[in-house]
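In the numbering used here, the protein residues as written are 16 to 309.
Here is the structure:
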């Protein structure tokens with residue numbers, strides 16, 4: 016582990032963006048360092064800001080370390096037996112006042128831009144209402160007849176069954192009923208809670224917002240690549256806080272319309288078949304039989 020940590024730190028020091036790009040898209044990977052790969056414009060901005068601030072922090076830390084070592088060596092009692100009596104230095108005092116201000120300005124400009132983009136909501140193509148419960152999520156589709164999806168974390172046995180079909184199902188992240196959104200569409204998520212404070216978080220989207228009882232908060236995303244994206248409740252909400260994941264399946268417009276039509280018709284069996292087929296295709300398999308044969 017120390018070697019792995021040092022290698023990851025070296026990669027971050029040399030090229031922070033490169034270290035991040037090696038991470039998982041939609042879910043964490045073993046021994047991952049840094050953020051999950053970005054799947055939305057907001058997440059990309061977050062990663063760029065993350066890289067910028069880390070570069071500044073690391074540069075300051077290295078500068079201070081070098082300065083400390085230099086002072087310890089140059090002004091030790093042996094090398095400098097007669098200390099200087101200088102108490103003021105106009106240039107230095109101006110520099111250590113102005114330079115930190117300039118650093119803060121460099122950080123502030125992209126920070127304000129990112130905040131503005133996060134809270135400037137484009138016209139939505141789809142709206143979803145997310146409701147936190149102890150301890151599972153409900154999602155409603157008010158634009159499509161207000162049908163409801165309840166998502167519970169899969170048990171180890173259910174994970175094994177889906178893996179046997181060839182459908183990747185990460186333990187502690189996969190759910191029985193995924194929510195589905197179309198690719199490259201603006202999705203607004205209205206977030207609330209039925210009991211305690213939860214938090215609706217999908218790392219690859221750059222979305223993180225509290226679910227507060229009696230209030231409706233919101234976030235938005237526009238996913239640029241089809242696939243499955245996992246999130247979790249990120250607020251300490253009680254006994255099973257760690258076991259209420261979020262799974263968002265991003266599909267084409269045609270598949271989304273077909274799935275939404277099946278859900279509106281209350282044909283959940285057909286909706287499940289549609290998602291299983293898409294999950295196999297996104298995993299590189301064509302049919303359940305083919306995945307079983309492999």
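Just so you know, even glycine gets a beta-carbon here, dropped at the ideal spot from N, CA and C.
Check whether the Cβ atoms of residue i and residue j lie closer than 9 Å to each other.
{"i": "residue 86", "j": "residue 197", "result": "no"}
{"i": "residue 55", "j": "residue 238", "result": "yes"}
{"i": "residue 166", "j": "residue 192", "result": "yes"}
{"i": "residue 261", "j": "residue 216", "result": "yes"}
{"i": "residue 250", "j": "residue 212", "result": "yes"}
{"i": "residue 7", "j": "residue 195", "result": "Any property of residue 7 remains undetermined from this structure, which presents the chain solely from 16 to 309."}
{"i": "residue 233", "j": "residue 224", "result": "yes"}
{"i": "residue 65", "j": "residue 50", "result": "yes"}
{"i": "residue 40", "j": "residue 242", "result": "yes"}
{"i": "residue 235", "j": "residue 204", "result": "yes"}
{"i": "residue 286", "j": "residue 277", "result": "yes"}
{"i": "residue 244", "j": "residue 42", "result": "yes"}
{"i": "residue 75", "j": "residue 124", "result": "no"}
{"i": "residue 279", "j": "residue 159", "result": "yes"}
DSSP three-state label for residue i, please.
{"i": "residue 283", "result": "helix"}
{"i": "residue 247", "result": "strand"}
{"i": "residue 37", "result": "With a pLDDT of 44 at residue 37, under the threshold of 50, the modelled position of this residue cannot be trusted; read the value that follows with caution. Coil."}
{"i": "residue 225", "result": "strand"}
{"i": "residue 131", "result": "helix"}
{"i": "residue 168", "result": "strand"}
{"i": "residue 215", "result": "strand"}
{"i": "residue 187", "result": "coil"}
{"i": "residue 139", "result": "coil"}
{"i": "residue 260", "result": "strand"}
{"i": "residue 297", "result": "helix"}
{"i": "residue 54", "result": "coil"}
{"i": "residue 115", "result": "helix"}
{"i": "residue 104", "result": "coil"}
{"i": "residue 96", "result": "coil"}
{"i": "residue 292", "result": "helix"}
{"i": "residue 42", "result": "coil"}
{"i": "residue 182", "result": "coil"}
{"i": "residue 278", "result": "helix"}
{"i": "residue 254", "result": "coil"}
{"i": "residue 230", "result": "coil"}
Measuring alpha carbon to alpha carbon, tell me which of the options ends up nearest residue i.
{"i": "residue 156", "options": "244, 218, 275 and 190", "result": "275"}
{"i": "residue 142", "options": "202, 236, 42 and 256", "result": "202"}
{"i": "residue 122", "options": "77, 69 and 268", "result": "69"}
{"i": "residue 146", "options": "168, 65 and 229", "result": "229"}
{"i": "residue 247", "options": "295, 296, 268 and 186", "result": "186"}
{"i": "residue 169", "options": "162, 160, 184 and 180", "result": "184"}
{"i": "residue 258", "options": "152, 269 and 89", "result": "152"}
{"i": "residue 199", "options": "269, 94 and 84", "result": "269"}
{"i": "residue 240", "options": "48, 53, 180 and 47", "result": "53"}
{"i": "residue 267", "options": "245, 292, 116 and 137", "result": "292"}
{"i": "residue 162", "options": "144, 176, 149 and 171", "result": "144"}
{"i": "residue 171", "options": "111, 188, 139 and 78", "result": "188"}
{"i": "residue 210", "options": "67, 95, 220 and 256", "result": "256"}
{"i": "residue 254", "options": "220, 149, 283 and 180", "result": "149"}
{"i": "residue 67", "options": "91, 126 and 110", "result": "126"}
Going by DSSP, which residues form a beta bridge with residue i?
{"i": "residue 236", "result": "202"}
{"i": "residue 162", "result": "156"}
{"i": "residue 207", "result": "146"}
{"i": "residue 242", "result": "265"}
{"i": "residue 197", "result": "266"}
{"i": "residue 88", "result": "BP columns for residue 88 are empty, so no partner."}
{"i": "residue 151", "result": "148"}
Q | Touch test, the segment 122 to 140 against the segment 51 to 68, Cβ-Cβ under 8 Å, three pairs minimum | A | yes
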